[in-house]
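**Student:** Those sequence lines, one after another, are chains A and B.
First residue of the first sequence? That's 1 in this note's numbering, and the numbers climb one at a time after it.
First residue of the second sequence? That's 1 in this note's numbering, and the numbers climb one at a time after it.
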Amino acid sequence: MAELQIKATVNGRKISRSAQPSQRLLDFIRDDLNLTGNKEGCGAGECGTCSVFVDGVLMKSCLLPVAKAQGTQIDTIESLAKTGELSVLQKAFHKAGASQCGYCIPGMVMAATAALRSNPFADREEIKERLGGNICRCTGYQKIFDAVELARDVQNGRLPATMLDGIDAEQGDYIGKNVSRIDAPSKVSGKLKYAGDMLMPDMLHVHVLRSPHAHARILSIDTSAAQAMEGVEGVITSADVPGEDGFGVFVHDQPVMARDKVRYVGEAVAAVAAEDPLIARRAAAAIKVVYEPLPAVFSAEDALRPGAPVVHAYAPDNITKHIPIRVGDVEAGLAESDLVIEENYETQAIEHAYLEPEAGLAYVDHDGVVVVISPSQNITHHRHMLAKIIAKPIAKVRFIMSPVGGGFGGKEDMIYQGMLALLAMKTGRPVRLVFTREESIASTAKRHPSKTTLRMGLMRDGRIRAVAFRMIADGGAYGLSTEGVMRKAAILGAGPYVIPNLQMDTIGVYTNNTPSGAFRSFGALQTQFATESHLDIACERLGLDPFEIRRINMMRDGATTHTKQKLKSVSIGRVLDAAEKASGWEKGVSGQRNGRGDLNGEGLRPAVALGARFVGDTKQEAAE
Amino acid sequence: MARMRGRGMAACWYGIARTATVDRAAAWAEIDDGGSAKIVTGVTEIGEGILTVLAQIAAHEMGLKPEDVVIGDNDTARAPEAAHAGATRQTYMIGNVVALASREARGKLVEVLAKMWEVEPSTIRTGNGFVWAENTNHKITMGKAVECCKQRGVVPVGSATFGTDTTGLDGTDGAGRPWQAYVFGCQVAEVEVDTVTGEVQVLGMWAAHDVGRAVNPKGVEGQIEGGIVQAIGQALMEDYELSNGHTTTPGFAKYILPTSLDVPMMNSIIVEDPDPIGPLGVKGIGEPAMVPTIPAIMNAIYDAVGVRITSLPATPEKVLMAIREKQQRENQMAVQAAE
Ligand code: FES
Ligand code: FES
């Protein structure tokens, strides 16, 4: 295709550059103009991180072919604080604590700027509506709305500009104070460089070939065609791993690239480093892998059945980890209970969906040290594992943690850093890998889906007598954090309650599904969902208020936990009181009360905010 | 019946830092020229605000302003081990160790000044970039104080390590000391359920969490709000689906995430029950923030329409089906009662 000559005004400066017609405006801005403030969160128009102004109109630059830029005026996040001084909105984001990982923030600031330009008096509901095309995975949006409202009021003169200033603590007492985030200016201005924004001289681009099979033997891999392609500098497979090939947070059962067999769809099989991303992608496609598909197993229950396909030879029963906790005699406890409630609970797999897809760089330095730069949540452990994988002393391996655009546990796994290191070693040049959103979703860990059976025995007065709790969790194809997740699930699952007889089992199972791994709340979320739902069922059966049943059973200062640990101070009573009071809790058995009380009464909670989609209908309802 | 409201609650507990293993972290601190400070420790920001928390702690301990604290890049070849960024351990492990290292650096500086001013070290105060001795006229800037140290051949530095007194679990009955600090939380959800479409909107969340001691209350709120909205995602819409191992939710068009339109009014109540072991009393909030949200929402749905969703997510289809089944059951019972 013929090259285009793009003439445009970008952030106030005239540019004239050649571009490929296949490029998107986002690539042109980020790769050719090196304006990396706006990010690529999804490449599909769904997240808004790439939002820029084209002739003053907010546009998702990942959806625009570069040709659309011809003759236009383009403003990126870098345009807002060109003089070095942040805009009112950027200052308000800083002041309100509206940025966390910061990856969504440039796009969010652009969208908010557009919102206040369209309507300088936009109310909170309109602000919500106008930010509806921008995803933030970290903040819960509330502080972002606060920031936009603050900026609106300062701009309109309703609030003084001093509202944007930081705090000055008296006597230097900075603990307990709302000091504005020190990293916020770099985030609201788009200046902070995440790994995918970083460049190194002479850098190669990496593309990973992934498994199309859930379970298959690898009969052969032929990389010769890929290797022969112009611009290809290195191709690696598991044959290139010089040391002990395995990583994982607890068991090192996952090879850097599939070895002998693949265990899930999306598993890395080979990787290519080439002069540009397109060549790398084409070369990866030219690698010939012959697979022999194997019977696969897609649920934890199936994996536990006798005769099920075995995912890892070392675990013929497919059990990754079983954590038992035992207190007293659970069957006796259930037998002496006035009431036994049994219920099953299920939780689904969840994607971390951090807005920053995985990315990293690697190079070998002048002293022969292999350096990996990536948003890793655990560089200490990654260093240990990589040293073994590449058979070098620990001092010859160096991990640098780049700013993390959201992790939530998902960046604890060393899922790609091994490939980067091997390619840097093989090619002798710096290499960079940036995942697409699809790659990130298909190949990285999820929250463990779980199935729980819970039997709880209670006395008529609400005291818990016994709990039998069994959770089976699908850990997917590799161990990653499964062991730790099962442990935390077991220790915390029965809740902060006194339970004289407890039988707790959490079982993590291998399957041929996408691996499950660390995810914020790490097993405790799945198990406490079951217990806390169960307590409400008990309330209904016993005619108790939900707060009451928890007070009856809660651990108190000096309590002994389910793992027989003696606690000192136990604050559960205080948090129950605080939540009950703040929410203006209406006492009673759930589901058996008569409608809702007055939510706006004196001393009660503030009026609820209806989601924007309910606006309009609400009035009607109020009238009814 | 069209739109019904309900309220529900749930409590939680959580352990702080690594589970059932000894956790540890180290840091270096230096009060630097001009009265600034350097902190080097092996962990960095993943969005939770730890850099700000560490700057506040270092400033507080050394008598500086947070903006004068520089936090070194996290690099296994340049910084002492602080292990990983996860497990709700950052404020607890790294915060405490930075406090200890800062105290040591300050101690070196105070020692020099006490000698110089001929006062007891315990009478020396530091704060907001100044050093002074109580009940005297001695008061100088921190920059000047560093100069005085260096003229006397002292660089005010400190280093520290912080570890937990924890054990693994017994393989048979699970006995052990997995953590030395525990936190507790409770959340109340208010929902509206549309009985025609099955759609659930979370209107309000009230979240009370014990965090030990809040270094930055706004940061704590940010963690709670972010946690709640992630949990709303899991409660009502998110679902990573597979068909024979192939995902059918490969991008954000299919994998539905909470947006600004799904956000309830969130109210955080910070409860402080200080940790008696660490030097600061801090604990943590990152993970516990999202534990009670889902059951609180499911309990609120039950309160609103009398159906219990035990399998996540509570999609409109699932809620609607449950409502219909309940109606059928009730109708049958009514028929039977009439017969
Ligand atoms: S909307 Fe363009 S990258 Fe997500
Ligand atoms: S701050 Fe919005 S995605 Fe992290």
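Cβ coordinates follow ideal geometry from the N, Cα and C atoms, glycine included.
Just so you know, these numbers come straight off a predicted model, no measurement behind them.
1. Check whether chain B comes within 7 Å of Tyr510 (chain A), counting only Cβ atoms and requiring the distance to be less than that.
2. Using only CA atoms, which one of A:Glu580, A:Tyr264, A:Pro201 and A:Ser450 lies nearest to Met486 (chain A)?
3. Taking Cβ-Cβ distances shorter than 9 Å, what residues in chain A pair up with Thr141 (chain B)?
4. Give me whichever residues DSSP pairs with Ser18 (chain A) in a beta bridge.
5. Indicate the three-state DSSP secondary structure (helix, strand or coil) for Ile105 (chain A) in the structure shown.
6. Please write down, chain order preserved, every residue whose beta carbon lies under 6 Å from a heavy atom of ligand 2.
7. Using a Cβ-Cβ cut-off of 7 Å, state whether Ser189 (chain A) counts as contacting chain B.
8. What's the gap between the Cα of Cys104 (chain A) and the Cα of Val291 (chain B)?
9. Cβ closer than 7 Å: which chain A residues qualify as neighbours of Val229 (chain B)?
10. Could you spell out the range, first to last residue, of the beta strand (DSSP E) harbouring Val232 (chain A)?
11. Between the Cα of Leu334 (chain A) and the Cα atoms of A:Ser22, A:Val88, A:Val467 and A:Asn513, which residue gives the shortest distance?
12. In whole angstroms, give me the CA-to-CA distance for Glu199 (chain B) and Glu104 (chain B).
13. Below 8 Å, how does it come out for the region 183-201 of chain B and the region 302-321 of chain B: are there three or more Cβ pairs, yes or no?
14. Under a three-way DSSP split, which group does Phe145 (chain A) fall into?
15. Between which two residues does the beta strand (DSSP E) containing Leu219 (chain A) stretch?
16. The alpha helix (DSSP H) that contains Leu113 (chain B), what's its start and end?
17. Once you ignore the five residues that flank His352 (chain A) on each side, which residues in its own chain have a CB closer than 6 Å to its CB?
18. Answer with buried or exposed for Lys288 (chain A), where buried requires no fewer than 16 other C-beta atoms within 10 angstroms of its C-beta.
19. Short of 8 Å in beta carbon distance, which residues of its chain neighbour Thr162 (chain A), apart from the five on each side in sequence? Order them along the chain.
20. Is Trp28 (chain B) close to chain A? Criterion is C-beta to C-beta, closer than 7 Å.
21. Check whether the region 383-403 of chain A touches the region 215-228 of chain A, taking contact to mean three or more Cβ pairs, one atom from each stretch, closer than 8 Å.
22. Whose C-alpha, out of B:Thr136, B:Cys149 and B:Ile16, is nearest the C-alpha of Ala87 (chain B)?
23. How big is the Cα-Cα spacing for Ala122 (chain A) and Ala96 (chain A)?
24. Hey, does Asp173 (chain B) have any beta-carbon neighbour from chain A nearer than 7 Å?
25. Determine whether the Cβ of Cys341 (chain B) lies closer than 7 Å to any Cβ atom of chain A.
26. Excluding the 5 residues flanking Glu147 (chain B) on each side, which residues of the same chain have their C-beta closer than 6 Å to its C-beta?
27. Just confirm the distance between the C-beta atoms of Leu54 (chain B) and Ile31 (chain B), as a whole number of angstroms; I'd bet it's less than 8 Å.
28. If you draw a straight line from the alpha carbon of Val254 (chain A) to that of Leu480 (chain A), how long is it in whole angstroms?
29. Tell me His207 (chain A)'s beta-bridge partners as DSSP assigns them.
30. Report the rounded CA-to-CA distance for Ala270 (chain A) versus His60 (chain B), giving the unit in angstroms.
31. With a cut-off of 7 Å, does the C-beta of Pro121 (chain B) fall near any C-beta of chain A?
32. Note down, in chain order, each residue of its chain lying with its Cβ closer than 7 Å to the Cβ of Ala623 (chain A), except the 5 sequence neighbours on either side.
33. Given a limit of 9 Å on CB to CB distance, which residues of the region 172-197 of chain A reach chain B?
34. DSSP state of Gly185 (chain B), grouped into three classes?
35. Between the C-alpha atoms of Trp179 (chain B) and Ala160 (chain B), what's the straight-line distance to the nearest angstrom?
36. In chain order, what residues of the same chain have a beta carbon less than 7 Å from the beta carbon of Ser337 (chain A), not counting five sequence neighbours either side?
**Tutor:** So, from the data block:
1. Here residue 510 (chain A) refers to the residue found at position 510 of the first sequence. Chain B contact via Cβ: absent.
2. Residue 486 (chain A) sits at position 486 when you count from the first residue of the first sequence. Among A:Glu580, A:Tyr264, A:Pro201 and A:Ser450, the Cα nearest to that of Met486 (chain A) belongs to A:Ser450.
3. What you label residue 141 (chain B) is simply residue 141 of the second sequence in a count that begins at 1. Simply none; closest approach about 13 Å.
4. The count along the first sequence starts at 1 and reaches residue 18 (chain A) at position 18. According to DSSP, which records beta bridges pairwise, Ser18 (chain A) is partnered with A:Gln5.
5. Locating residue 105 (chain A) in the first sequence gives position 105, counting from the first residue. Of the three classes helix, strand and coil, the one that applies to Ile105 (chain A) here is helix, per DSSP.
6. A:Ser99, A:Gln100, A:Cys101, A:Gly102, A:Tyr103, A:Cys104, A:Ile105, A:Cys136, A:Arg137, A:Cys138, A:Thr139, A:Leu355, A:Gly406 and B:Gly47
7. Counting from 1 along the first sequence, the entry for residue 189 (chain A) is found at position 189. Cβ-Cβ to chain B under 7 Å: no for Ser189 (chain A).
8. Counted from its first residue, the first sequence places residue 104 (chain A) at position 104. Counted from its first residue, the second sequence places residue 291 (chain B) at position 291. Those two C-alpha atoms are separated by around 24 Å.
9. Here residue 229 (chain B) corresponds to residue number 229 of the second sequence, with the count starting at 1. Those are Gly140 and Tyr141, listed as they occur along chain A.
10. Locating residue 232 (chain A) in the first sequence gives position 232, counting from the first residue. Residues Val232 to Ile236.
11. Residue mapping note: residue 334 (chain A) aligns to position 334 of the first sequence, counting from 1. For the residues A:Ser22, A:Val88, A:Val467 and A:Asn513, the minimum Cα distance to Leu334 (chain A) belongs to A:Val467.
12. Stepping through the second sequence from its first residue, residue 199 (chain B) is reached at position 199. Stepping through the second sequence from its first residue, residue 104 (chain B) is reached at position 104. When rounded, the distance between both Cα atoms is 57 Å.
13. yes
14. To locate residue 145 (chain A), count along the first sequence from 1; it is residue 145. Reduced to three states, the DSSP call for Phe145 (chain A) is helix.
15. One-based indexing of the first sequence puts residue 219 (chain A) at position 219. Per DSSP, Leu219 (chain A) belongs to the beta strand (DSSP E) from Ala216 to Asp222.
16. Working through the second sequence from its first residue, we reach residue 113 (chain B) at position 113. Taken as a continuous stretch (DSSP letters only), the alpha helix (DSSP H) holding Leu113 (chain B) covers Asn96 to Trp117.
17. Residue mapping note: residue 352 (chain A) aligns to position 352 of the first sequence, counting from 1. Phe408 and Gly410.
18. The residue you call residue 288 (chain A) lines up with position 288 of the first sequence. With fewer than 16 Cβ atoms within 10 Å of its Cβ, Lys288 (chain A) is classed as exposed.
19. On the first sequence, position 162 is the one that residue 162 (chain A) refers to. The answer is none, since no qualifying residue turns up.
20. Here residue 28 (chain B) refers to the residue found at position 28 when the second sequence is read from its first residue. No, no contact with chain A.
21. no
22. Along the second sequence, one-based indexing puts residue 87 (chain B) at 87. Measuring from the Cα of Ala87 (chain B), the nearest candidate turns out to be B:Ile16.
23. Taking the first sequence and counting its residues from 1, one reaches residue 122 (chain A) at position 122. Taking the first sequence and counting its residues from 1, one reaches residue 96 (chain A) at position 96. C-alpha separation (whole angstroms): 18 Å.
24. As a position in the second sequence, residue 173 (chain B) is number 173, starting the count at 1. For Asp173 (chain B), the answer is yes, since a Cβ of chain A falls inside 7 Å of its Cβ.
25. In the structure displayed, chain B extends from 1 to 339; residue 341 (chain B) sits before or after that span and is not available.
26. Taking the second sequence and counting its residues from 1, one reaches residue 147 (chain B) at position 147. Answer for Glu147 (chain B): no residue qualifies.
27. As a first step, residue 54 (chain B) must be located in the second sequence, where it is residue number 54. As a first step, residue 31 (chain B) must be located in the second sequence, where it is residue number 31. Not quite, the Cβ-Cβ distance comes to about 15 Å (not below 8 Å), so this is no contact.
28. Locating residue 254 (chain A) in the first sequence gives position 254, where the first residue counts as 1. Locating residue 480 (chain A) in the first sequence gives position 480, where the first residue counts as 1. Per the sequence shown, the amino acid found at residue 254 (chain A) is Gln instead of Val. Cα to Cα, Gln254 (chain A) sits roughly 8 Å from Leu480 (chain A).
29. Locating residue 207 (chain A) in the first sequence gives position 207, counting from the first residue. In DSSP, His207 (chain A) forms a bridge with A:Val272.
30. The residue labelled residue 270 (chain A) in the question sits at position 270 within the first sequence. The residue labelled residue 60 (chain B) in the question sits at position 60 within the second sequence. Each residue's Cα considered, the two are about 51 Å apart.
31. On the second sequence, residue 121 (chain B) is found 121 positions in, with the first residue counted as 1. No, Pro121 (chain B) does not count as interfacial toward chain A.
32. Here the question's residue 623 (chain A) lines up with position 623 in the first sequence. Residue placement at Ala623 (chain A) cannot be trusted, given a pLDDT of 33 that sits under 50; what the coordinates show is reported in the next sentence. The answer is none, since no qualifying residue turns up.
33. Gly172, Asp173, Tyr174, Ile175, Gly176, Lys177, Asn178, Val179, Ser180, Arg181, Ile182, Asp183 and Ala184
34. Within the second sequence, numbered from 1, the residue matching residue 185 (chain B) stands at position 185. In the structure shown, Gly185 (chain B) sits in a strand (DSSP, three-state: E or B).
35. Along the second sequence, one-based indexing puts residue 179 (chain B) at 179. Along the second sequence, one-based indexing puts residue 160 (chain B) at 160. In a straight line, the C-alpha of Trp179 (chain B) is about 21 Å away from that of Ala160 (chain B).
36. Numbered from 1 along the first sequence, position 337 holds the residue referred to as residue 337 (chain A). Contacts found: Gly457, Leu458, Met459, Arg465 and Ala466.
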